[in-house]
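Visitor: One structure, as structure tokens, below. Some questions next.
Protein chains: 4
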Amino acid sequence: MSSGERVRAAAVKLFAAKGFHGTGIRDLASEAELSSASLYHYMGTKEDLLVEIMTTALRRLLDAAGKATAGAVDPVARLRSLVALHVLAHAARPAETRVVDNEVDALSDAARTRVVALRDEYESLWAQAISDGVAAGVFQTAHPAVTRLALLEMCSGVARWHSPLGPLPLEDLATHYAELALGALGHPVAVAVPDLRQCLEVVAQVWDMPVQPGF
Amino acid sequence: MSSGERVRAAAVKLFAAKGFHGTGIRDLASEAELSSASLYHYMGTKEDLLVEIMTTALRRLLDAAGKATAGAVDPVARLRSLVALHVLAHAARPAETRVVDNEVDALSDAARTRVVALRDEYESLWAQAISDGVAAGVFQTAHPAVTRLALLEMCSGVARWHSPLGPLPLEDLATHYAELALGALGHPVAVAVPDLRQCLEVVAQVWDMPVQPGF
Amino acid sequence: MSSGERVRAAAVKLFAAKGFHGTGIRDLASEAELSSASLYHYMGTKEDLLVEIMTTALRRLLDAAGKATAGAVDPVARLRSLVALHVLAHAARPAETRVVDNEVDALSDAARTRVVALRDEYESLWAQAISDGVAAGVFQTAHPAVTRLALLEMCSGVARWHSPLGPLPLEDLATHYAELALGALGHPVAVAVPDLRQCLEVVAQVWDMPVQPGF
Amino acid sequence: MSSGERVRAAAVKLFAAKGFHGTGIRDLASEAELSSASLYHYMGTKEDLLVEIMTTALRRLLDAAGKATAGAVDPVARLRSLVALHVLAHAARPAETRVVDNEVDALSDAARTRVVALRDEYESLWAQAISDGVAAGVFQTAHPAVTRLALLEMCSGVARWHSPLGPLPLEDLATHYAELALGALGHPVAVAVPDLRQCLEVVAQVWDMPVQPGF
DNA sequence: TATGAATGAGATTTCATTCAT
DNA sequence: AATGAATGAAATCTCATTCAT
Chain A
1 MSSGERVRAA AVKLFAAKGF HGTGIRDLAS EAELSSASLY HYMGTKEDLL
51 VEIMTTALRR LLDAAGKATA GAVDPVARLR SLVALHVLAH AARPAETRVV
101 DNEVDALSDA ARTRVVALRD EYESLWAQAI SDGVAAGVFQ TAHPAVTRLA
151 LLEMCSGVAR WHSPLGPLPL EDLATHYAEL ALGALGHPVA VAVPDLRQCL
201 EVVAQVWDMP VQPGF
Chain B
1 MSSGERVRAA AVKLFAAKGF HGTGIRDLAS EAELSSASLY HYMGTKEDLL
51 VEIMTTALRR LLDAAGKATA GAVDPVARLR SLVALHVLAH AARPAETRVV
101 DNEVDALSDA ARTRVVALRD EYESLWAQAI SDGVAAGVFQ TAHPAVTRLA
151 LLEMCSGVAR WHSPLGPLPL EDLATHYAEL ALGALGHPVA VAVPDLRQCL
201 EVVAQVWDMP VQPGF
Chain C
1 MSSGERVRAA AVKLFAAKGF HGTGIRDLAS EAELSSASLY HYMGTKEDLL
51 VEIMTTALRR LLDAAGKATA GAVDPVARLR SLVALHVLAH AARPAETRVV
101 DNEVDALSDA ARTRVVALRD EYESLWAQAI SDGVAAGVFQ TAHPAVTRLA
151 LLEMCSGVAR WHSPLGPLPL EDLATHYAEL ALGALGHPVA VAVPDLRQCL
201 EVVAQVWDMP VQPGF
Chain D
1 MSSGERVRAA AVKLFAAKGF HGTGIRDLAS EAELSSASLY HYMGTKEDLL
51 VEIMTTALRR LLDAAGKATA GAVDPVARLR SLVALHVLAH AARPAETRVV
101 DNEVDALSDA ARTRVVALRD EYESLWAQAI SDGVAAGVFQ TAHPAVTRLA
151 LLEMCSGVAR WHSPLGPLPL EDLATHYAEL ALGALGHPVA VAVPDLRQCL
201 EVVAQVWDMP VQPGF
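Line order of the protein sequences matches chains A, B, C and D.
Number 45 in UniProt numbering belongs to position 45 of the first sequence; there are no gaps in the numbering.
Number 122 in UniProt numbering belongs to position 122 of the second sequence; there are no gaps in the numbering.
Number 62 in UniProt numbering belongs to position 62 of the third sequence; there are no gaps in the numbering.
Number 111 in UniProt numbering belongs to position 111 of the fourth sequence; there are no gaps in the numbering.
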């Protein structure tokens, strides 16, 4: 791993573990095994580093969601894919996703505007799937916008507690969350999740991870 | 509001908005309209303030949950109460609850141990309600522990997005979340939520808030 | 001398001796006999300190020039007063005036605009005296604007080399410069400088200095 | 222009514009369109660069003054040449001359000693011309040393305000300053400045500039 | 000739905290 | 109860410089 990569990896790890404001430049330097002056060969300001991490993660999420739902007409299938993707991403990349979810307040106004725009673009895919399902009569929910936020928070929460050492394989985790979400939407439990394999592949591809049994 | 109360209120507000590490002692002082030296008449260290806020909020949550579920045998009713209570608390007191949910990492080891113990005690009430419901055959879930975490994250998320200015009255919000949770647990939608009034009263009492129409 | 005054005095001394960029915050602190953190009780940023020093000095110069020339009709008398005042100020307060003359480039754009406006206001008094003298036929100069700049630079230069330990009393210095200036303007040497005493008093008053024999 | 020349030119420009301490090695590098490491192929330390610039400029001034006054007996002619030369050099090479005039304080003790010695040698030519003129009765001045410093500051000031875009041709500027100086020295205005052409040529030769109409 | 990588020292400024009044 | 004064430690970031390539 090059020095530049080590800097970025250190930032992802530490911002996730201790927060942006809780992570000092010296923490980053020692984690990256560099002097603090040397960090600045590979980054702009500390905030630039944060912005880069957040926008990259959000773009990947968007990219993955686009790939997984492209061409799908069935709202149930789309929502199931979105949930599975989101859960897989948060379980497989908890650090990046925690940074995205927790550090928006640490951004300057200008950067926050850009990041929130990306996040809104991503969430609109969820909103569309839900409203399509409601329109098609396959989802029952009195307050679709509230439900969307509730499901997103539920799925994002995975990054806060999931451990790769836990007993549950990622496939089962994703399947379980898809069932929880469909249950919350008043939809009879899906008997099959035929697109889960595809979701795994999309996540692996977008995040540069090897596709391995059990991930 | 006394100076001491202003200090505490400032801390709750700013820790929620900018995080513990993102909030300086001078920020607290100006928000409390006091000099930074004067703060120290009303607090110990900055961390003491955080610990006090977190333990108070968790004790209130525990207290409320105890009151609302005391004597209830039906696991469905208990879970519904827990969800309603949790959502009401997070919607009505977003600042305190965000601090509890976000700032655990900022605690020293000793303090974190105590706070996490409280949180675990609270979560065990959820675990018990779910496992009782599964045992009683009224809940269907393949992974009760995962489901518990998923529902908790879903409900806690309310504090991250809910605005008191939004169109949805708190009663409806709580009801909606109870339905989402029961749906996720595979339970037919409850036709009545007869204990919601009680939940509102418990929350209002525990958090010293007036019970008013629409809260 | 209070701490705040010591900070300002340290800045004047060091900015004059080593330049703004050549003076570190630690230099200021040790000169003011304070820790570098304590400096910040008495100042904003280092640049704020510079701006305050420059604007104060320029306002005093303007104030003094206004007082010394108020009501004077004769352009020769006015110019003589301006020269004497300028020279006295630069000889008696070399540090402040050197900062004004040398550190304009160190200012940010916003601050420079304000400072230059003050300087221009001051210089316009010189321009007026010269053009009035030319119009009245008592001054001969082919390029009044160039002459003004030449005389100003000549007089400001005093702060760069004059030592209070030198043999020449300030009165004589001022008189000599007035003669140089009038000579350069093609005016027969003035036999009397009846307003010099007044100039001394104005300078002493505006700069809070005791009026003493030989200054 | 070779890289080495670009480095030197960058230093002259930036030291003049922002001061030695206000100019960073990175500023030099980007102005010279080189990496900061590459600078060190063409220079020693940053201070070496400053010393080289200052001594070169002073030697050129000395050289030019020597050439222009060599063999001249008339003190009036000598002083007129010195003034013209000085003004021409400061107007035509404002950057180099500003560095010489402003950055003496930035030098280390050893280097300052050498530079000041050169400056003193140069100024002694002025001192000699003035004292010769006083002895010959063609100059009237009560304090020759003060007058010398006053005239030098007046003439050096040109580099601080003169713009090549201004309306006044360099010849006229130099002539005007010569008249100012002679006026200040109590000498009747010279009707002719027959050596101005020679001064221009000397300056052009010493500073490697094309002699062009209007310079 | 040219530079990317690297750094110890130092820049300015803020940190949480104490204490005499 | 309240604060101005004060500070050691630490914050983020830049400095001039070196060196292997």
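Beta carbons: idealized from backbone N, C-alpha and C, even for Gly.
Is there at least one Cβ from chain D nearer than 8 Å to Val115/C's Cβ?
Guide: Position 115 of the third sequence holds residue 115/C. Not closer than 8 Å to any Cβ of chain D, the Cβ of Val115/C fails to qualify, so no.
Visitor: Out of His176/B, Ala32/B and Val134/B, which has the shortest C-alpha to C-alpha gap to Glu5/B?
Guide: Taking the second sequence and counting its residues from 1, one reaches residue 5/B at position 5. Cα-wise, what sits closest to Glu5/B is Ala32/B.
Visitor: Label Ser2/A either buried or exposed according to how many other C-beta atoms from any shown protein chain fall within 10 Å of its C-beta, with 16 as the threshold for buried.
Guide: Residue numbering aside, residue 2/A sits at position 2 when the first sequence is read from its first letter. The residue is exposed, with fewer than 16 neighbouring Cβ atoms inside 10 Å.
Visitor: Less than 8 Å separating the beta-carbons of Ala65/C and Leu50/C?
Guide: One-based indexing of the third sequence puts residue 65/C at position 65. One-based indexing of the third sequence puts residue 50/C at position 50. In this structure, Leu50/C does not lie closer than 8 Å to Ala65/C by Cβ.
Visitor: Can you tell me the Cα-Cα spacing of Val191/D and Leu149/C, whole angstroms?
Guide: Your numbering for residue 191/D matches position 191 in the fourth sequence. Your numbering for residue 149/C matches position 149 in the third sequence. Unreliable placement is indicated for Val191/D, whose pLDDT of 47 sits below 50; the coordinate value is still reported in the next sentence. In a straight line, the C-alpha of Val191/D is about 23 Å away from that of Leu149/C.
Visitor: Find the residues of chain C that neighbour Gly71/D, judging by a C-beta separation of less than 8 Å, and give them in chain order.
Guide: For this step, residue 71/D is matched to residue 71 along the fourth sequence. Ordered by position in chain C, no residue passes the 8 Å Cβ test against Gly71/D, which lies about 28 Å from the chain.
Visitor: Decide yes or no for the touch test of the segment 71-91 of chain D against the segment 172-179 of chain D: beta carbon pairs closer than 8 Å, at least 3 of them.
Guide: With a cut-off of 8 Å, the segment 172-179 of chain D and the segment 71-91 of chain D count as touching, because enough Cβ pairs lie within range.
Visitor: Report all residues from its chain with a CB closer than 6 Å to the CB of Gly133/B; omit the five preceding and five following residues, and keep chain order.
Guide: The residue you call residue 133/B lines up with position 133 of the second sequence. Closer than 6 Å at the Cβ level, and outside the excluded window around Gly133/B, lie Pro75 and Phe139.
Visitor: With DSSP collapsed to three states, give me the class of Pro75/C.
Guide: If you number the third sequence from 1, residue 75/C lands on position 75. Three-state result, Pro75/C: helix.
Visitor: Considering only C-alpha positions, which residue in the set Arg119/A, Thr147/A and Leu61/A is nearest to Asp208/A?
Guide: Within the first sequence, numbered from 1, the residue matching residue 208/A stands at position 208. Measuring from the Cα of Asp208/A, the nearest candidate turns out to be Leu61/A.
Visitor: Would DSSP call His90/C helix, strand or coil?
Guide: Numbered from 1 along the third sequence, position 90 holds the residue referred to as residue 90/C. Three-state result, His90/C: helix.
Visitor: Using alpha carbons as the reference points, say which of Ala17/C, Arg8/C, Arg114/C and Ile25/C lies closest to Leu58/C.
Guide: Looking up residue 58/C in the third sequence gives position 58. For Leu58/C, the nearest C-alpha among the options comes from Arg114/C.
Visitor: With a 10 Å radius around its C-beta and 16 neighbouring C-beta atoms as the bar for buried, classify His187/A as buried or exposed.
Guide: Translated into the one-based positions of the first sequence, residue 187/A becomes position 187. Under this definition His187/A is a buried residue.
Visitor: If you draw a straight line from the C-alpha of Trp126/B to the C-alpha of Asp48/B, how long is it?
Guide: Counted from its first residue, the second sequence places residue 126/B at position 126. Counted from its first residue, the second sequence places residue 48/B at position 48. Those two C-alpha atoms are separated by around 29 Å.
Visitor: What I want to know is whether the C-beta of Ala17/C ends up closer than 7 Å to one or more non-hydrogen atoms of the ligand GTP.
Guide: Annotation note on the ligand GTP: not contained in the displayed structure, which lists no ligands.
Visitor: Output needed for Ala111/B: all residues of its chain with C-beta closer than 6 Å, excluding positions within five of it in sequence on either side, in chain order.
Guide: Your numbering for residue 111/B matches position 111 in the second sequence. Counting only Cβ-Cβ distances below 6 Å, and skipping sequence neighbours, we find Val51.
Visitor: Since Ala95/B and Lys13/B should fall inside the 8 Å C-beta cutoff, what is the C-beta to C-beta distance between them, to a whole number of angstroms?
Guide: The residue you call residue 95/B lines up with position 95 of the second sequence. The residue you call residue 13/B lines up with position 13 of the second sequence. Their Cβ separation, rounded to whole angstroms, is 6 Å, which keeps Ala95/B and Lys13/B in contact under 8 Å.
Visitor: Taking just the CA atoms, how far does Glu179/D sit from Ala136/C?
Guide: Sequence index remark: in the third sequence, residue 136/C carries index 136 (1-based). Sequence index remark: in the fourth sequence, residue 179/D carries index 179 (1-based). Distance between the alpha carbons of Ala136/C and Glu179/D: 21 Å.
Visitor: Measure the C-alpha to C-alpha separation of Thr56/B and Val99/A and round it to an integer number of angstroms.
Guide: As a working note, residue 56/B is residue 56 in the second sequence. As a working note, residue 99/A is residue 99 in the first sequence. Spanning the two alpha carbons is a distance of roughly 27 Å.
Visitor: Between the alpha carbons of Phe15/A and Ala9/B, how many angstroms are there, rounded?
Guide: If you number the first sequence from 1, residue 15/A lands on position 15. If you number the second sequence from 1, residue 9/B lands on position 9. Looking at the two C-alpha atoms, the distance is approximately 27 Å.
Visitor: So the candidates are Val104/A, Ala84/A and Cys155/A; which of them puts its Cα closest to the Cα of Glu201/A?
Guide: The sequence position of residue 201/A within the first sequence is 201, counting from 1. The option with the nearest alpha carbon to Glu201/A is Ala84/A.
Visitor: Measure the alpha-carbon distance for Thr97/A versus Gly24/B and round it to whole angstroms.
Guide: Looking up residue 97/A in the first sequence gives position 97. Looking up residue 24/B in the second sequence gives position 24. Spanning the two alpha carbons is a distance of roughly 26 Å.
Visitor: Would you please verify whether the beta carbon of Thr147/C is less than 8 Å from any beta carbon of chain D?
Guide: Residue mapping note: residue 147/C aligns to position 147 of the third sequence, counting from 1. Interface residue, yes.
Visitor: Which residues in chain A sit within 8 Å of Gly4/B, going by Cβ to Cβ distance?
Guide: Here residue 4/B is taken as the residue at index 4 of the second sequence, counted from 1. Result: empty, since nearest Cβ-Cβ is about 26 Å, beyond 8 Å.
Visitor: Establish whether the CB of His90/D and some CB of chain C are separated by less than 8 Å.
Guide: Position 90 of the fourth sequence, counted from the first residue, corresponds to residue 90/D. So, not an interface residue.
Visitor: Based on Cα-Cα distance, which residue from Ala106/C, Ser108/C, Thr141/C and Ala145/C lies nearest to Asp120/C?
Guide: Sequence index remark: in the third sequence, residue 120/C carries index 120 (1-based). Checking every option, the nearest Cα to that of Asp120/C belongs to Ala145/C.
Visitor: If you reduce the DSSP assignment to three classes, tell me which class Gln140/C lands in.
Guide: Position 140 of the third sequence holds residue 140/C. Correct three-state label for Gln140/C: coil.
Visitor: Hey, how far is the Cα of Leu151/D from the Cα of Ala72/C?
Guide: One-based indexing of the fourth sequence puts residue 151/D at position 151. One-based indexing of the third sequence puts residue 72/C at position 72. About 28 Å.
Visitor: Return the chain-ordered list of same chain residues with a C-beta closer than 8 Å to the C-beta of Gly214/D, the five sequence neighbours on each side being excluded.
Guide: The residue labelled residue 214/D in the question sits at position 214 within the fourth sequence. The pLDDT assigned to Gly214/D is 49, lower than 50, so where the model puts this residue is not dependable; a value taken from the coordinates is nonetheless given after this. Excluding positions up to five away in sequence, the list reads Pro169, Leu170 and Glu171.
Visitor: Does the separation of the CB atoms of Ala68/D and Cys155/D fall below 8 Å?
Guide: Locating residue 68/D in the fourth sequence gives position 68, where the first residue counts as 1. Locating residue 155/D in the fourth sequence gives position 155, where the first residue counts as 1. For Ala68/D and Cys155/D, no; Cβs fall outside 8 Å.
Visitor: What first and last residue would you give for the alpha helix (DSSP H) that runs through Met54/B?
Guide: Within the second sequence, residue 54/B is the residue found at index 54, counting from 1. Run containing Met54/B: Lys46 to Thr69, per the alpha helix (DSSP H) assignment.
Visitor: In the DSSP assignment, find the alpha helix (DSSP H) that holds His162/C and state where it starts and stops.
Guide: Here the question's residue 162/C lines up with position 162 in the third sequence. Run containing His162/C: none; DSSP gives neither H nor E here.
Visitor: Distance check for Ala106/C and Glu153/A, CA to CA, integer angstroms please.
Guide: In the first sequence, counting from the first residue as 1, residue 153/A sits at position 153. In the third sequence, counting from the first residue as 1, residue 106/C sits at position 106. Near 51 Å, if we compare the C-alpha coordinates of Ala106/C and Glu153/A.
Visitor: When the distance is taken between beta carbons, is Gly166/A closer than 8 Å to His21/B?
Guide: Indexing the second sequence from 1 puts residue 21/B at position 21. Indexing the first sequence from 1 puts residue 166/A at position 166. Contact: no.
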